[in-house]
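Colleague:
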Ligand SMILES: Cc1ncc(COP(=O)(O)O)c(C=O)c1O
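Residue numbers (our numbering): 408 to 840.
Quick look at the structure:
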């Protein structure tokens, strides 16, 4: 029996704007259309017989044997959903697959106080979640995703950085922040974290760190935004650590973890599908945002994704993701080899265990003990020499100078990596002169 936090618990987390959103009068009645025998005169749904599409056929690689192609057809039955407006949280088929996945991967079952909702990529659902808890005076965030920094700032959040290392978030740093929090200031409401392949450093949080963080969430009453698009792109040698979403089942009550998944890195970023799995009161508030903004994610892409995923089953999905993560492991290995060859003595690397980025420190400080600064070097000189990468500063909430650089290796052939890092070496040596 899982205990989940009551609806009222979330009142203090919800932003003013989120509390003022009212249900869309048509959308809130749409479920009633399923009433047997009913004649619905409710919504302005266009008549699909006027649309040009009669069927959609796709070919996809088989997850069990990628040399074979399988044909997927969205015939008249699927097109009824795929060509029409749909439920705010997602189409029945995709939501059913997500419920199954979350039980399969994280042991989280239906009817235990949480539910999923689909977004146009996980960025969309993270943005909506920030808006629902926005206006926060204190928010703990680690340097995970530079795109998230503008998102939180747009919602009036103050960002506080928590230290990380090769084992993920340093719970001791988090504890110190929380225990020394000034009594007159409201405590942070949210910890945002990318536990797998933390973007940019590539570190993966260990189970011990996650347990400590969950304990702190209970003690200091904050939510954990688990942004986990690289969960299925883990290629480390250590056993895969369970998600926060799974581990919170060990707590006396669940409902502090809001999990974000993405199909962008696994099926296609062009599909634009991500999903949140979180406590119902928060997901309800996010759906009110969707209902007033974009109504729902394209039903066509949802049906394409769910037709593929349902034909694979969860075993097929895992087989596919294992192949994808093995692909990125090879890319990581090639990048690391090239870095050790070309930047020997000029850089220090944190070997990533997931995702598609390398986070490395350039040894460019003028004096020993000083932190170098990659901003001008990477943005200007390295670019002039024909390489584009990200200076580490853009990942730091306070934009302080740093000697780190983030490089993405997902698209590069081994020769390109070698040539790129050779150019980087030449630039560093020139700058030293
Ligand atoms: C950590 C992290 N979160 C979220 C996203 C956004 O993913 P999506 O394409 O699902 O919006 C990205 C994309 O790069 C990411 O790296």
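Built from N, CA and C at the ideal position, the CB exists for glycine as well.
Using beta carbons (cut-off 8 Å, strictly below), is residue 640 in contact with chain C?
Modeller: The chain labelled as chain C is not found in the depicted structure, where only one protein chain is given.
Colleague: Following a CB-centred definition, is residue 681 positioned closer than 7 Å to any heavy atom of ligand 1?
Modeller: Flag set: Cβ of residue 681 near ligand 1.
Colleague: Just list the residues that DSSP pairs residue 631 with in beta bridges.
Modeller: Answer by DSSP bridge pairing, in chain order: 598 and 664.
Colleague: Please classify residue 458: does DSSP put it in a helix, a strand, or coil?
Modeller: Residue state, collapsed to three classes: coil.
Colleague: Let me know the secondary structure DSSP gives residue 646 once reduced to three states.
Modeller: The answer is coil: DSSP assigns residue 646 none of H, G, I, E or B.
Colleague: For residue 572 and residue 757, what's the separation of their Cα atoms in angstroms?
Modeller: C-alpha separation (whole angstroms): 9 Å.
Colleague: With distance defined between alpha-carbon atoms, name the residue in 593, 610 and 591 nearest to residue 600.
Modeller: Of the listed residues, the one whose Cα sits closest to residue 600 is 610.
Colleague: Shortest alpha-carbon distance to residue 566 belongs to which of 582, 821, 595 and 589?
Modeller: Here the closest residue by C-alpha is 595.
Colleague: Specify the secondary structure class of residue 778 as computed by DSSP and reduced to three states.
Modeller: Coil, per DSSP.
Colleague: Less than 8 Å between the C-beta atoms of residue 581 and residue 631, yes or no?
Modeller: No. Outside cutoff.
Colleague: Leaving out five residues before and five after residue 793 in sequence, what residues of the same chain have Cβ atoms less than 7 Å from its Cβ?
Modeller: Same-chain partners within the cutoff: 830.
Colleague: What residue from 821, 443 and 762 has the CA that sits closest to residue 605's CA?
Modeller: Of the listed residues, the one whose Cα sits closest to residue 605 is 762.
Colleague: Just checking, does the region 729–742 make contact with the region 702–718 on the three C-beta pairs under 8 Å criterion?
Modeller: Counting Cβ pairs under 8 Å, fewer than three are found: no touch.
Colleague: By the three-class DSSP mapping on this structure, what secondary structure does residue 530 have?
Modeller: Three-state result, residue 530: helix.
Colleague: Can you tell me whether residue 578 is buried or exposed, with buried defined as 16 or more other CB within 10 angstroms of its CB?
Modeller: Residue 578 comes out buried.
Colleague: Here's a check: name, in chain order, each residue in its chain whose Cβ is nearer than 8 Å to the Cβ of residue 492, leaving out the five neighbours to either side.
Modeller: So the list reads 450, 452, 702, 703 and 706, once near-sequence residues are dropped.
Colleague: When you compare the region 761–781 with the region 799–812, are there three or more beta-carbon pairs, one atom per stretch, that lie closer than 8 Å?
Modeller: At 8 Å Cβ cutoff, the stretches touch.
Colleague: Helix, strand or coil, according to DSSP, for residue 767 in the structure here?
Modeller: Strand, per DSSP.
Colleague: By alpha-carbon positions, which one of 433, 440, 509 and 526 ends up nearest to residue 693?
Modeller: Checked all of 433, 440, 509 and 526; the closest Cα to residue 693 is 526.
Colleague: Give me the residue from 635, 532, 613 and 561 with the minimum Cα distance to residue 575.
Modeller: The shortest C-alpha separation from residue 575 is found at 613.
Colleague: At 4 residues or longer, what runs of the alpha helix (DSSP H) sit wholly inside the region 672–742?
Modeller: Complete alpha helix (DSSP H) runs here, min 4: 687–700.
Colleague: Mapping DSSP to helix, strand and coil, what is residue 466?
Modeller: Three-state result, residue 466: strand.
Colleague: Helix, strand or coil for residue 805, going by three-state DSSP, please let me know.
Modeller: Residue state, collapsed to three classes: coil.
Colleague: With a threshold of 7 Å (Cβ to nearest heavy atom), would residue 509 be considered close to ligand 1?
Modeller: No; taking the cut-off as 7 Å, the Cβ of residue 509 has no heavy atom of ligand 1 nearer than that.
Colleague: Give me the Cα-Cα distance between residue 638 and residue 725, rounded to the nearest whole angstrom.
Modeller: Rounded to whole angstroms, residue 638 to residue 725 spans 11 Å at the Cα level.
Colleague: Do residue 661 and residue 651 have their C-beta atoms closer together than 8 Å?
Modeller: No, the Cβ-Cβ distance between residue 661 and residue 651 is not below 8 Å.
Colleague: Under a three-way DSSP split, which group does residue 798 fall into?
Modeller: Strand, per DSSP.
Colleague: Can you say whether residue 768 is buried or exposed, counting buried as having 16 or more other CB atoms within 10 angstroms of its CB?
Modeller: When all chains shown are included, residue 768 counts as buried.
Colleague: Name, in chain order, the residues that DSSP records as bridge partners for residue 756.
Modeller: Beta-bridge pairing links residue 756 to 767.
Colleague: Comparing alpha-carbon positions, which option in 516, 629 and 483 lies nearest residue 417?
Modeller: Taking only the C-alpha atoms, the option nearest residue 417 is 629.
Colleague: Among 425, 409 and 585, whose alpha-carbon lies nearest the alpha-carbon of residue 688?
Modeller: Cα-wise, what sits closest to residue 688 is 425.
Colleague: Answer with buried or exposed for residue 681, where buried requires no fewer than 16 other C-beta atoms within 10 angstroms of its C-beta.
Modeller: Buried, by the Cβ-count rule.
Colleague: Taking 7 Å as the line, does the beta carbon of residue 529 fall inside it for any heavy atom of ligand 1?
Modeller: At least one heavy atom of ligand 1 is nearer than 7 Å to the Cβ of residue 529, so yes.
Colleague: Does at least one heavy atom of ligand 1 sit under 7 Å from the Cβ of residue 837?
Modeller: No; taking the cut-off as 7 Å, the Cβ of residue 837 has no heavy atom of ligand 1 nearer than that.
Colleague: Using a 10 Å radius around the Cβ and a threshold of 16 neighbouring Cβ atoms, would you call residue 487 buried or exposed?
Modeller: The residue is exposed, with fewer than 16 neighbouring Cβ atoms inside 10 Å.
Colleague: Indicate whether the contact test is met: 3 or more Cβ pairs, each with one atom in the region 732–751 and one in the region 497–517, closer than 8 Å.
Modeller: As far as the Cβ criterion goes, the region 732–751 does not touch the region 497–517, which means the pair count is below three.
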